[in-house]
Amino acid sequence: MRLILKKDARIEEVQQHGDMPPLQVADTAPRFEDAFIDLLGGAGTAESPLGAIIHRVDGSKEETVIEALSLTKKFGDFAATDHVDFQVKRGEIFGLLGPNGAGKSTTFKMMCGLLVPTSGKALVLGMDLKVSSGKARQHLGYMAQKFSLYGNLSVEQNLRFFSGVYGLRGRAQMKKSPG
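Counting from 1, one number per residue, gives the positions in the sequence shown under the UniProt record's numbering.
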């Protein structure tokens with residue numbers, strides 16, 4: 001178990017807690033992720049101040065917010081995806097599992113509007129990504145398996161590229177980009 005203590009806290013305080021079994025303790029250097037979690041706050045209350053400022057979205061849990069309808073992508077004669085169907089309800093966390101080459105990345109690229117399907121539909125909040133890709137992408141979050149900044153671009157160029165992919169231009173793009 002990894003236990004992170006506040007500055008100047010001592011492990012003896014934890015060990016003296018009434019229901020705590022004996023602990024073997026080994027000090028380790030903090031990781032970058034530890035600082036991030038600490039900045040989120042809420043350690044003493046189990047409530048993060050970040051949660052208070054997050055935008056809440058209206059709607060029911062039964063509402064379909066993301067949908068693939070017979071989604072197909074062909075590269076020449078090769079079908080990377082072939083009639084893929086799925087629905088994601090509001091509040092669900094969704095992922096695709098499968099071996100390399102099964103079409104997972106291709107499917108997500110189509111669902112994000114980064115790749116045009118050969119046939120079928122990709123819908124976000126009922127908006128067809130072929131018709132309203134910029135507007136639909138503003139309502140979609142996607143985390144790739146690998147960190148995907150382009151090494152040959154500067155940080156600013158990466159920010160401009162990705163914010164442009166999500167339909168931000170001009171002042172809106174500058175407002176959303178740090179610095």
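No residue lacks a Cβ here, since even glycine has one placed at the ideal position from N, Cα and C.
Can you grab the Cα-Cα spacing for the pair residue i / residue j, in whole Å?
i: Leu115; j: Asp58; result: 29 Å
i: Lys109; j: Lys61; result: 25 Å
i: Thr106; j: Ala29; result: 39 Å
i: Glu67; j: Leu23; result: 48 Å
i: Glu156; j: Phe162; result: 10 Å
i: Ala9; j: Gln15; result: 12 Å
i: Glu12; j: Phe94; result: 42 Å
i: His139; j: Cys112; result: 10 Å
i: Gly164; j: Leu153; result: 15 Å
i: Glu92; j: Ala172; result: 29 Å
i: Lys130; j: Val25; result: 56 Å
i: Phe78; j: Lys104; result: 15 Å
i: Gly98; j: Gly76; result: 23 Å
i: Arg31; j: Leu39; result: 13 Å
i: Asp27; j: Phe36; result: 19 Å
i: residue 187; j: Asp128; result: As displayed, the chain neither begins before 1 nor continues past 179, which places residue 187 out of reach and without an answer.
i: Asn158; j: Gly151; result: 9 Å
Of the choices the options, whose alpha-carbon is the least far from that of residue i?
i: Lys74; options: Leu96, Ala102, Glu63; result: Ala102
i: Asp34; options: Leu5, Glu13, Ala26; result: Leu5
i: Leu123; options: Pro30, Leu69, Phe161; result: Leu69
i: Gly126; options: Gly98, Arg90, Gly151, Asn158; result: Arg90
i: His83; options: Gly151, Lys121, Gly164; result: Lys121
Quick one: measure Cβ to Cβ for residue i and residue j, integer angstroms, because I've assumed they're closer than 8 Å.
i: Thr81; j: Leu96; result: That pair is no contact at about 10 Å.
i: Gln87; j: Thr118; result: The pair is not a contact, with the Cβ atoms about 21 Å apart (cut-off 8 Å).
Hey, could you find the ends of the beta strand (DSSP E) residue i is sitting in?
i: Ser119; result: 119-124
i: Lys61; result: Run containing Lys61: none; DSSP gives neither H nor E here.
i: Thr107; result: It is not in any beta strand (DSSP E) - Thr107 instead sits in the alpha helix (DSSP H) that spans 104-111.
i: Gln16; result: Where Gln16 is concerned, there is no enclosing beta strand (DSSP E), given that its DSSP letter is neither H nor E.
i: Ala80; result: 78-89
Mind checking whether the beta-carbon of residue i lies closer than 7 Å to any heavy atom of the ligand SAM?
i: Ala35; result: No copy of the ligand SAM occurs in the structure displayed, which carries no ligand at all.
Where do the N-terminal and C-terminal ends of the alpha helix (DSSP H) with residue i fall, by residue?
i: Arg10; result: Taken as a continuous stretch (DSSP letters only), Arg10 belongs to no alpha helix (DSSP H), as it is neither H nor E.
i: Arg137; result: 129-137
Next on the checklist: Quick test of the definition: if touching needs 3 or more C-beta pairs under 8 Å, does the segment 155-171 touch the segment 130-137?
Outcome noted: Counting Cβ pairs under 8 Å, three or more are found: they touch.
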